[in-house]
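Student:
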Amino acid sequence: MSKNRIHDLIMIILGNFVVACSVSFFILPNNILTGGVAGVAVALHPILPVDIVLMIDALTIGLFILGAILLGKQFAMKSVISTIVYPVFVTGLSKVATMFPKDTFVMPPYVATIYAGVIVGIGLGLVFRVNSSTGGMDILALILHKYFKIPEGTSVMIVDGLTVLLGVVTHGLTPALIGIMSVFVCGVAIDKTVMLGMQSAKNVMIISTEWKQIRRILLETVDRGVTILDGSGGYTQAPKPVLMCVIKQKQYPLLESSVLEIDPKAFIIVNDVHQVHGAGFTSKHVVETNETTY
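Heads up: the sequence shown runs through residues 1 to 294, numbered per the UniProt record's numbering.
Here it is as structure tokens:
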């Protein structure tokens, strides 16, 4: 087995362990209505007299079988590890939780919701970083996407929405609203975890009649490469070179002041960039095929 596969396997197992910790120590003790299999189990528990942990295990395995049938072999290969280790972790950690004094993990709903959302998001983010799947309720979203041509993001919203709606019926409005907060916090934590360690930067595009002088300042003062794009005015149709420069976050104030000092009327467009590969940002060097000066 290659080092990359070993790394991916470790990340998948670790991610599922982190999610299981959140389920066992925060979601179940506090009956938090959230997305995923755990949220469905909590929502169904008042009307189904079945142990919640057993319900989570059954739903996880059942959804995996359904996904393998409807989504194919490739999906099954990506999800099989999570399907095996997640129920084991939840069962084991739930037993560990019972070893502590009663109500050890019971806390105010909003506090538990935030902790649960953050920890689940970190766990899912670790799995997503290696382009794997956690299975569970995501399978239903993928089925909706494949067979009904519903966009994946919308499919996830539909599945989570139905889970929350079920929670309203069985637990009332307030717990369901708290659950929505958990889903939101989880989403933010996923994004932060997936992007962790990646080079964040800003992509700056500048249009100015003084572009030659600005180009020199960017190269010499800001110390960044510049790409010159061919542009033209939409109204005048006159040629207007566009300078594109990717810089680190902390370099933007210097860039802005330098450009505006040369041309106060310069048109500056700034976009956030979440990952950059190339000279000055990572060890990978990228050769520009456009007209570029370094």
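Yeah, the Cβ is synthetic: ideal placement off N, Cα and C, and Gly gets one too.
Here the structure is a predicted model, which means the values were calculated and not measured.
For the alpha helix (DSSP H) holding F89, just list the boundary residues, first then last.
Tutor: Residues K73 to T98.
Student: Which same chain residues end up closer than 8 Å to V37 when comparing Cβ atoms and leaving out the 5 residues on each side of it in sequence?
Tutor: If we look at V37 and ignore the five residues flanking it on each side, its Cβ neighbours are I56, L59, T60, L63, G136 and M137.
Student: Based on DSSP bridge pairs, tell me the residues matched to D272.
Tutor: In DSSP, D272 forms a bridge with K202.
Student: Work out the CA separation of K78 and V42 for me, nearest whole Å.
Tutor: Each residue's Cα considered, the two are about 26 Å apart.
Student: Please name the residue or residues paired with P239 in a DSSP beta bridge.
Tutor: Partner(s): S232.
Student: Should the stretch 46 to 54 be regarded as contacting the stretch 188 to 195, the criterion being three or more beta carbon pairs within less than 8 Å?
Tutor: In short, these stretches do not touch, since the Cβ pair count stays below three.
Student: For K248, decide whether its Cβ has a neighbour in chain B, counting only Cβ atoms nearer than 8 Å.
Tutor: In summary, chain B is missing from the structure at hand, where a single protein chain is found.
Student: According to DSSP, is G267 part of a helix, a strand, or is it coil?
Tutor: The sequence shown places Phe at residue 267, rather than the Gly named in the question. In this structure, F267 counts as strand in the three-state DSSP scheme.
Student: Output the distance between the C-alpha atoms of P264 and W211, rounded to the nearest integer angstrom.
Tutor: Going from the Cα of P264 to the Cα of W211 covers about 12 Å.
Student: Out of A238, T227 and L218, which one is the CA nearest neighbour of T261?
Tutor: One detail in the question is off: residue 261 reads as Glu in this sequence, not Thr. Ranking the options by Cα distance to E261, first place goes to L218.
Student: Nearest-angstrom Cα distance between K102 and L70?
Tutor: Cα to Cα, the separation comes out at about 43 Å.
Student: What does I207 pair with, by DSSP beta-bridge criteria?
Tutor: Partner(s): V242 and F267.
Student: Are the CB atoms of V242 and F255 within a distance shorter than 8 Å?
Tutor: A quick correction: the sequence has Leu, not Phe, at residue 255. Going by C-beta atoms, L255 is not nearer than 8 Å to V242.
Student: Do you know how far the Cα of I150 is from the Cα of P87?
Tutor: Taking the straight line joining both Cα atoms gives about 29 Å.
Student: Can you confirm whether the stretch 138 to 145 touches the stretch 20 to 32 when touching is taken to mean that 3 or more C-beta pairs between the two stretches lie within less than 8 Å?
Tutor: Touching, no.
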